[in-house]
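Going down the list, the sequences are from chains A and B.
For the first sequence, position 53 matches number 38 in my numbering, and the numbering has no gaps at all.
In my numbering, each residue carries its 1-based index in the second sequence increased by 60.
Cβ coordinates follow ideal geometry from the N, Cα and C atoms, glycine included.
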Amino acid sequence: MIVRILGEGQLRLDDSAASELNKLDAKLEAAVERNDEPGFRLALSELLAQVRSIGSPVEAGALEPSELILPEEGATMSEVRKLLAGDGLIPG
Amino acid sequence: MSVMKRVSMMFRAKANKALDRMEDPRETLDYSYQTQLELLQKVRRGVADVATSRKRVELQINQLQQSSDKLDRQARDALAVGREDLARDALTRKAGVQSQLNELNVQYTSLQGEEEKLTGASQRLQAKVDAFRTKKETIKATYTAAEAQTRINEAFTGISEEMGDVGLAIQRAEDKTEQMKARASAIDELMASGALDDMVGGPRDDIQAELDRMGAGSGVEAELERLKGELGQGSAPREIEGAGAAADGAAAGTTASATDGRPAQASPADQPQAGDGT
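This is the structure in structure tokens:
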């Protein structure tokens, strides 16, 4: 499974990591629903740390799409909301 | 639904939409390659822009540091001739310069971070563009087979994701450098106007300004005591005030405002020009 961290690049993870990531992702989602900015930052940071620790960088010339894409470290909730709203925010 | 799944769906949707618009798959490959090269140019320009802003901030940090050092010397000189009022004024202004310096240092670090991120993004994109070019030629040669379409979709989706990521990085860097440019221009103007020495940090509300004054005030008093200690004047400065008049000749040139005990409230226009006659 390939996971992209925005601003950092792609990492390859073992498929068995999915359930752990889903747990952390659920915390992130819950923080968004509570409108809890510090909670969001913390959950995002934990999720990214986990992905970095168990993933290995995908070779530079790979052209495979990622299964999951994570916001960059330090992203705010409003930035992520904008990203999800589309509106042509994703360029290219 | 999960945040990470939704973000990846947004990227996927974007790529699919672009793919749907293309009628001839060969055209997709060539058109996409052109776009990739353009984005590479753009990200390289972005790196250069951020570097320029960073250098500008660096220059301003050096200038403000010089200004701070100079105010420190002036305070010392003023105390040496018994002009505690002038020394206090200089230290108050130094506190203002220091607070600007602190903010600039934070910005400098942030710009450095953006520069590193964009440089990394540029290198990652370059590697993918190179891979895409090779793959494009291979696919073109084998095209007509049903499999070619699948390969095109895959390669296109893969590079499209990278391009989206790089595009976002460029936007973030642009936003940061824009803010920085506005701020740097304001500081340049203040430097040019000679009001630099008593600038206390841009537009803030009155309460914050008062708090800043109080905060700077206590620091100034402490530093004043420190200087006195260094000059062996002990802590009996009040008597010196009277004698200060006799020493006015020595301090001529730094005279002007702030003898009323409210130095920080003087407006920039009332302040002596930095560097005149001292």
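Which listed residue (the options) has its alpha carbon closest to that of residue i
i          : options                                : result
B/Ser220   : A/Pro50, A/Ala60, A/Glu58              : A/Pro50
A/Ile54    : B/Met64, B/Glu144, B/Val117, B/Gln120  : B/Met64
B/Lys241   : B/Arg184, B/Gln120, B/Asp190, B/Lys130 : B/Gln120
B/Gln125   : B/Val157, B/Ala75, B/Ser170, B/Arg116  : B/Val157
B/Gln96    : B/Val141, B/Glu249, B/Asp235, B/Gly227 : B/Gly227
B/Ala147   : B/Asn76, B/Ser128, B/Gln134            : B/Gln134
A/Glu64    : A/Ala34, A/Gln35, A/Leu29              : A/Leu29
A/Glu52    : B/Arg143, B/Lys188, B/Phe71            : B/Phe71
A/Gly(-6)  : B/Glu163, B/Gln160, B/Met223, B/Ala138 : B/Met223
B/Gln160   : B/Ile247, B/Val280, B/Glu285           : B/Ile247
B/Glu197   : B/Met69, B/Pro85, B/Ser62              : B/Pro85
A/Ala2     : A/Gln35, A/Glu31, A/Glu44, A/Ala70     : A/Gln35
A/Ala60    : A/Leu13, A/Glu18, A/Arg(-3)            : A/Leu13
B/Arg105   : B/Thr179, B/Gly142, B/Asn165, B/Val67  : B/Thr179
A/Val(-12) : A/Leu48, A/Gly40, A/Glu44, A/Gly46     : A/Gly40
B/Glu283   : B/Leu151, B/Asp145, B/Glu98            : B/Leu151
B/Val67    : B/Asn165, B/Ala252, B/Asp225           : B/Asp225
Listed by chain order, chain D residues near residue i by CB distance under 9 angstroms
i      : result
A/Asp0 : This model lacks chain D altogether; the protein chains it does include are A and B.
Secondary structure of residue i, DSSP reduced to three states
i          : result
A/Arg(-11) : strand
A/Pro42    : strand
A/Glu58    : coil
A/Pro23    : helix
A/Ser1     : helix
B/Asp80    : helix
A/Glu49    : coil
B/Ser62    : coil
B/Leu291   : coil
Cβ shell of residue i (< 7 angstroms), same chain only, five flanking positions each side left out
i         : result
B/Gln172  : Arg114
B/Glu118  : Tyr168
B/Lys177  : Ala229
B/Thr202  : Ala208
B/Gly279  : Ala155
A/Gly(-8) : Glu57
B/Thr237  : Asp109, Val110, Ser113
B/Ser170  : Lys236
Residue i: first and last residue of the uninterrupted beta strand (DSSP E) it sits in
i         : result
A/Leu(-4) : -6 to -3
A/Leu53   : 53 to 55
Span of the alpha helix (DSSP H) around residue i
i        : result
B/Pro57  : This structure cannot speak to residue 57 of chain B, because chain B is shown only from 61 to 338.
B/Ala147 : 144 to 202
Close beta carbons around residue i, own chain, < 6 angstroms, minus the five adjacent residues each side
i        : result
B/Gly302 : Low per-residue confidence applies at B/Gly302: pLDDT is 43, beneath 50, and the placement is therefore not dependable, though the value from the model is reported in the following sentence. Nothing listed; no residue qualifies.
Sequence-distant residues of the same chain with beta carbon closer than 8 angstroms to residue i, five excluded per side
i        : result
B/Thr88  : Leu79, Met82, Ile212, Phe216
B/Ala111 : Glu175
B/Asp90  : Lys196
B/Lys102 : Ile230
B/Leu100 : Ser182, Leu185, Gln186, Val189
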